[in-house]
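Colleague: Here it is: the structure, laid out below.
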Amino acid sequence: MSTINADRPADALRAGDRQADQERAESKPLGGIAGWLDDRTGAAKGMSFVLKKVFPDHWSFMLGEIAMYSMIICLLTGAFLTFWFVPSASPVVYDGSYIPLQGVTVSDAYRSTLDISFDIRGGLLIRQIHHWAALVFCVAILVHMGRVFFTGAFRKPREINWVIGSILSMLAIVEGFAGYSLPDDLLSGTGLRAAEGFMRSIPIIGSYVSYFVFGGAFPGEAIIPRLYAVHVLLLPAILVGLFTAHILLVFLHKHTQYPGPGKTNNNVVGFPMMPVYIAKAGGFFFIVFGVIALISALVTINPIWGYGPYDPSPVTAGSQPDWYMGFADGALRLLPGFLEFTAFGYTFSFNVMIGAILLIPIMYTLIGVYPFFEAWVTGDKREHHLLDRPRNNPTRTGIGVAAMTFYIVLFFASGNDLMAIKLHLSINDLTRLFQLLIFVGPPLAFWITKRICLSLQRADRQKVLHGRETGVIWRYPDGRFEEIHAPLTPQERWVLVQHESPEPLVITAETDANGVESPIARKERLRAKLSHFYFKDRVAPPTPSELEAAHHHGDHGVETHEPEAIEAGGAPARETIKADRQN
Amino acid sequence: MNALAARRRHPAAIALLILVGLLVTGGAYAFLAPKEANASAVSADTVAEGKNLFLANCASCHGTNAQGTASGPSLVGVGAAAVDFQVGTGRMPLAGPNIQAQRQDVDKIKFDDQQISSMAAYVASLGAGPSVPDSQYTTVIQPGDQKEAGQDLTNNQRIARGGEIFRVNCAMCHNFAGAGGALTRGKYAPSLTGVTPKHMYEAMVSGPQSMPVFNDQNISPESKQEVISYLKAVDNQTNVGGLTLGNLGPVSEGMFVWLFGLTLLIGCAVWLGKKAA
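As given, the protein sequences belong to chains U and Z, one line each in that order. The numbering of the first sequence is full-length UniProt numbering, which starts it at 1 and goes up by one. The numbering of the second sequence is full-length UniProt numbering, which starts it at 1 and goes up by one.
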């Protein structure tokens, strides 16, 4: 017992203190190093929160992990590259090992990148890992985003995390572009030249913006050091910060799970972080690193020695950005030239500006706003921890596929020259085709996807009511043929019937009690219209009574009744908007 | 002088004068005439053989006098280099109407070297044009630190200079590695891999199809040789980074990462997801 706790005359006043001390000492089961650390940092509570966290198991939940790991790989390899890369545009004469460039005057940035590739042990492999990991990072982000969207994982309470994810996705593109522009080879310089043109396409202030960014006329010596600071310092800091918030929110919200027996909105069925996911996720990190290292060891990426040093006069055929910027490049290739005109003594280059300056912010704003839009349309204010099967929300799935189609058309348009040469087609015809598809493709994709979803729902319904088709054909004594249907197990059936099937909102009161038109009526009409758009075509999951009825319709498989009406049964009509608002 | 003047009416004088005149004119012609026109010591027989081959294989499009028709351009003045390039790479005779004549594999080339040079001699006889290049300029410069006779730069530096000339003049259509690129309306700049130095040189001087002409004033014969040597050096170098994916730039890399990278990683994720059950 320490001196401070020795008996004193006024001990009665401190009776409580001692008790608290004692309780604290007793409640500390941690010993050894963990206890030592906890005494000094209080980390045990947080660690136990994290380590006991339960995660559901599904491969599609690992897509985000791929993004996370490839980002970490980029950080690690990037640190290696900074040891040798010289972010400087000052001219030097190359005298390294790459023969076809010996004696050529190049920038120090390019010289140092060549040295990393040819003269530094392991440098080329690390460079290639860095670049491939960056490409994988952007791929994984997009695919992860698709998973979250199509399963409705962005719904309350995860809207903020969706917005953070969207910002991360956009910043990843910018970060990638900054890195692509650093080595000062012909391709990256061409990219910067294009970026300079994009800035100049901003009406009126464009040339000022360009001079501000490049510190004078293009290319100048300022841009490479500036981009370097952005690429290794500014953007990684923001990326890591937002990524941490993204992950913390996942821990806070708990992970979503696919519907199934025993999985509810209030639980998470899976395994705890420790020891299962520590091992699995840790192992997966090494798998991702291994796959990327394998690709990097076998396949060249960005052969800067082949492109040659940047010089504003040459340009190479097939000058494209890395794939994640491809859609913006495609937009530029599709925008017609007549969008450029002169007015009030200024040139307005909307043929460039729409694709280069406006597209990315508009696209990411729409993506970021979507959860709020859908929540408003559906009037749904509940929390959702169970995922949707994409077919069970046909309109959302349709919107998603339409957006993907738009993106993919732009993406393919950016490779129109290579498609022309490899497929022996005319680049002009291809461009016209893509110009057509950008308008026709998304609505068509929406319609087709929605029809497919509804058909799948009908098939599910049929399966629940009549069982699985076995492929066994039964011939009856009277000569009829019938296919035998095997009933589903309750577990199988649950997945097919658990979802909600909301009905479109109906406006009940456009006027108040005194017959005065409600001031919000117009907004509500719009909302009802949108709700109609979302939910008018619906295939309700079978109700227990329908299931019962189907079972009594002559012993399984001998079905004589008409196919179920689509609109039949289903959930009781949802409350009206009026009622929603009053709640 | 007097002796000469006294003999000016000699019956042989006129014959002598004619002889001197012919010698001077002939000598001056031989000295001043465009070098390209006399590709090599061409005999009349060769030209005649070339003309027969021309009439049998080319005249239906280019006209019986190679004056050109609606289906094919005039060949007067295109020179031997153009014929050697077009026929020697199998582009001509054209297999069928097409946007652009395509290079054929060696086994599909319809004529042997001797026949090609006869046709080239015939076309060259129609009007002066670039001739088949001297082998001095179609010899590939071998990488190394040595200097060749009459050169200030080492071989390596000359190859590097060829690279610079290539990037400034050729890469915008043929791509940085000579992998080729698209032009408008289905036309294209072909890949330069596997093209012989002679044909590269001839393409530069004759400007086939959409290609501009790079004559000796634009790019000197030595520089052309350097460009060719650069391309050959790039072809021969080890692919240090691994598979090149056709040297097509970021498009093929993007395709690779989506098709192979993502598939592999998702495959691993599915495998790992299965391990739980």
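Even for Gly, the Cβ is constructed at its ideal location relative to N, Cα and C.
Alpha carbon to alpha carbon, how far is Ala194 of chain U from Pro442 of chain U? Give it in angstroms, no decimals.
Modeller: 28 Å
Colleague: List the residues of chain Z whose Cβ lies closer than 8 Å to the Cβ of Met62 of chain U, in chain order.
Modeller: Ala269, Leu272, Gly273
Colleague: Arg389 of chain U by DSSP, collapsed to three states: which one?
Modeller: coil
Colleague: First and last residue of the alpha helix (DSSP H) that includes Ile408 of chain U?
Modeller: 394–413
Colleague: For Leu496 of chain U and Arg155 of chain U, what's the separation of their Cα atoms in angstroms?
Modeller: Rounded to the nearest angstrom, the gap between the Cα atoms of Leu496 of chain U and Arg155 of chain U is 21 Å.
Colleague: For a test of the three-state rule: what should DSSP assign to Tyr188 of chain Z, helix, strand or coil?
Modeller: strand
Colleague: Could you spell out the range, first to last residue, of the beta strand (DSSP E) harbouring Tyr211 of chain U?
Modeller: Per DSSP, Tyr211 of chain U lies in no beta strand (DSSP E); the unbroken alpha helix (DSSP H) holding it starts and ends at 206–214.
Colleague: Could you give the first and the last residue of the continuous beta strand (DSSP E) run that contains Thr347 of chain U?
Modeller: 346–349 is the span of the beta strand (DSSP E), which, as asked, contains Thr347 of chain U.
Colleague: Residues bridged to Pro91 of chain U by DSSP?
Modeller: U:Ser107
Colleague: Taking 7 Å as the limit between beta carbons, can you name the residues of its chain near Ala39 of chain Z, skipping five residues before and five after?
Modeller: Any reading at Ala39 of chain Z must be qualified, since the residue scores a pLDDT of 46, below 50, and its modelled position is unreliable; the value itself is stated next. The answer, listed in chain order, is Ala80, Ala120, Ala121, Ala124, Ser131, Val132.
Colleague: What's the C-alpha gap between His561 of chain U and Ala279 of chain U?
Modeller: Residue placement at His561 of chain U is poorly supported in this model, since its pLDDT is 41, which falls under 50; the coordinates are not used for a value here.
Colleague: Below 8 Å on C-beta distance, what does Val168 of chain Z contact in chain U?
Modeller: What Val168 of chain Z touches in chain U, judged by beta-carbon distance under 8 Å, is Asp311, Ser313, Pro314, going in chain order.
Colleague: Where does Ala39 of chain Z fall in DSSP's three states?
Modeller: Annotation note: pLDDT 46 at Ala39 of chain Z (below 50); position unreliable, no value reported.
Colleague: Can you give the Cα-Cα distance for Ile99 of chain Z and Gly68 of chain Z, rounded to whole angstroms?
Modeller: 18 Å
Colleague: Below 6 Å CB to CB, which residues in the same chain sit around Gln225 of chain Z once its five sequence neighbours on both sides are set aside?
Modeller: In the same chain as Gln225 of chain Z, and ignoring 5 residues on each side of it, the C-beta atoms closer than 6 Å to its own belong to Tyr137, in chain order.
Colleague: CB Thr342 of chain U to CB Phe350 of chain U, shorter than 9 Å?
Modeller: no
Colleague: Among U:Asp21, U:Gly146, U:Gly260, U:Val269, whose alpha-carbon lies nearest the alpha-carbon of Lys53 of chain U?
Modeller: Checking every option, the nearest Cα to that of Lys53 of chain U belongs to U:Val269.
Colleague: Apart from the five residues just before and just after Phe271 of chain U, which ones in its own chain have a Cβ nearer than 7 Å to its Cβ?
Modeller: Val54, Phe55, Asp57, Tyr277
Colleague: List in chain order: all unbroken alpha helix (DSSP H) runs of 4+ residues lying wholly within the segment 315–386 of chain U.
Modeller: 323–334, 350–353, 359–378
Colleague: Output yes or no for whether 9 Å exceeds the beta carbon distance between Ile228 of chain Z and Pro197 of chain Z.
Modeller: In this structure, the beta-carbon distance from Ile228 of chain Z to Pro197 of chain Z falls below 9 Å.
Colleague: May I ask you to list, following chain order, the residues of the segment 237–248 of chain Z that have a beta carbon less than 7 Å from some beta carbon of chain U?
Modeller: Asn239, Val240, Gly241, Gly242, Leu243, Thr244, Leu245, Asn247, Leu248
Colleague: Extract the residue ranges of the beta strand (DSSP E) inside the segment 457–506 of chain U, only unbroken runs of 3 or more that lie entirely within it.
Modeller: When DSSP assignments are scanned along the segment 457–506 of chain U, the uninterrupted stretches of beta strand (DSSP E) that are 3 or more residues long and fall wholly within it turn out to be 468–475, 481–486.
Colleague: I need the straight-line Cα distance from Asp216 of chain Z to Met204 of chain Z, nearest angstrom please.
Modeller: 9 Å
Colleague: By the criterion of Cβ-Cβ separation under 9 Å, what are the contact partners of Arg185 of chain Z in chain U?
Modeller: Ser426, Ile427, Asn428, Asp429
Colleague: Check whether chain U comes within 9 Å of Gln225 of chain Z, counting only Cβ atoms and requiring the distance to be less than that.
Modeller: no
Colleague: If we ignore side chains and look at the alpha-carbon of each, how far apart do Val148 of chain U and Val401 of chain U end up?
Modeller: Approximately 13 Å between the Cα atoms of the pair.
Colleague: Contact criterion: CB-CB distance below 9 Å. Does Gly254 of chain Z meet it with respect to chain U?
Modeller: yes
Colleague: Extract the residue ranges of the alpha helix (DSSP H) inside the UniProt domain "Cytochrome c" (45–127) of chain Z, only unbroken runs of 4 or more that lie entirely within it.
Modeller: The UniProt domain "Cytochrome c" (45–127) of chain Z contains these whole alpha helix (DSSP H) runs: 59–62, 79–88, 113–126.
Colleague: Pull up the DSSP beta-bridge partners for Ala182 of chain Z, would you.
Modeller: Bridge partners of Ala182 of chain Z: Z:Tyr188.
Colleague: Since Val213 of chain Z meets chain U, which of its residues come closer than 9 Å, beta carbon to beta carbon?
Modeller: Neighbours of Val213 of chain Z on chain U: none; closest Cβ ~19 Å, over 9 Å.
Colleague: To the nearest angstrom, how far is it from the Cα of Trp258 of chain Z to the Cα of Val139 of chain U?
Modeller: 7 Å
Colleague: For Gln320 of chain U, count the other beta carbons within 10 Å of its own beta carbon; 16 or more makes it buried, fewer makes it exposed. Which is it?
Modeller: buried
Colleague: In chain order, what are the residue ranges of uninterrupted alpha helix (DSSP H) at least 4 long that sit wholly in the segment 227–263 of chain Z?
Modeller: 250–256
Colleague: So with Cβ pairs under 9 Å, would you call His532 of chain U a contact of chain Z?
Modeller: no
Colleague: Determine whether the beta carbon atoms of Arg382 of chain U and Thr151 of chain U lie at a separation below 9 Å.
Modeller: no
Colleague: Among residues of its own chain, excluding the 5 on either side of Thr405 of chain U, which ones have a beta-carbon nearer than 6 Å to its beta-carbon?
Modeller: Residues Gly441, Pro442, Ala445 of the same chain have their beta carbon placed closer than 6 Å to that of Thr405 of chain U, with the five preceding and five following residues left out of the count.
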